[in-house]
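Participant: Residue numbers (UniProt numbering): 1 to 116.
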Amino acid sequence: MHSRLSLRLTPTLRASLSRTISTTSPVLGGAGPVIHETMMHYPKLEKINDKHRSNGMKQVFDVPPIEVDGDVAVCEGGAGALGHPVEYITLKIHSSTDRLAGVCKYCSLRYVGKKH
């Protein structure tokens with residue numbers, strides 16, 4: 001059985017969410033039909049993005065790659081419930097260094113195979 005969800009706004013809430021502007025038609029000499037425009041008030045996203053400057057990727061790349069034996073690395077995710085699930089990373093040969101390398105998809109830690 002499917003039911004429809006209907007949203008009913010109180011007049012006070014509707015007034016706070018939108019603003020109605022009434023203008024007359026200039027083509028008909030100001031005596032034309034009234035045009036209503038509803039303008040929703042959203043925060044300006046570009047201002048929000050300008051305020052947030054993260055250096056998270058810089059901090060990740062400041063950690064040197066972790067050397068591991070073999071071709072599989074295990075990233076355990078840190079401190080118990082605050083970390084991420086255990087991730088088994090298959091190291092593949094990186095073209096520029098000819099070494100085994102891999103990255104954890106959760107925390108972006110880099111792993112490389114030891115040179116033999």
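Even for Gly, the Cβ is constructed at its ideal location relative to N, Cα and C.
Do the CB positions of V63 and L91 come within less than 8 Å of each other?
Facilitator: Contact: no.
Participant: Pick helix, strand or coil for L100, following the three-state DSSP scheme.
Facilitator: DSSP places L100 in strand when its eight states are reduced to three.
Participant: Based on the DSSP output, what are the partners of R53 in its beta bridges?
Facilitator: The partner list for R53 (beta bridge, DSSP) is empty, contrary to what the question assumes.
Participant: Using the C-alpha atoms, what's the distance from G102 back to Y111?
Facilitator: Between Y111 and G102, the C-alpha separation is close to 5 Å.
Participant: Under 8 Å, do D69 and K114 count as touching if we go by C-beta distance?
Facilitator: Yes, Cβ-Cβ distance for D69 and K114 is below 8 Å.
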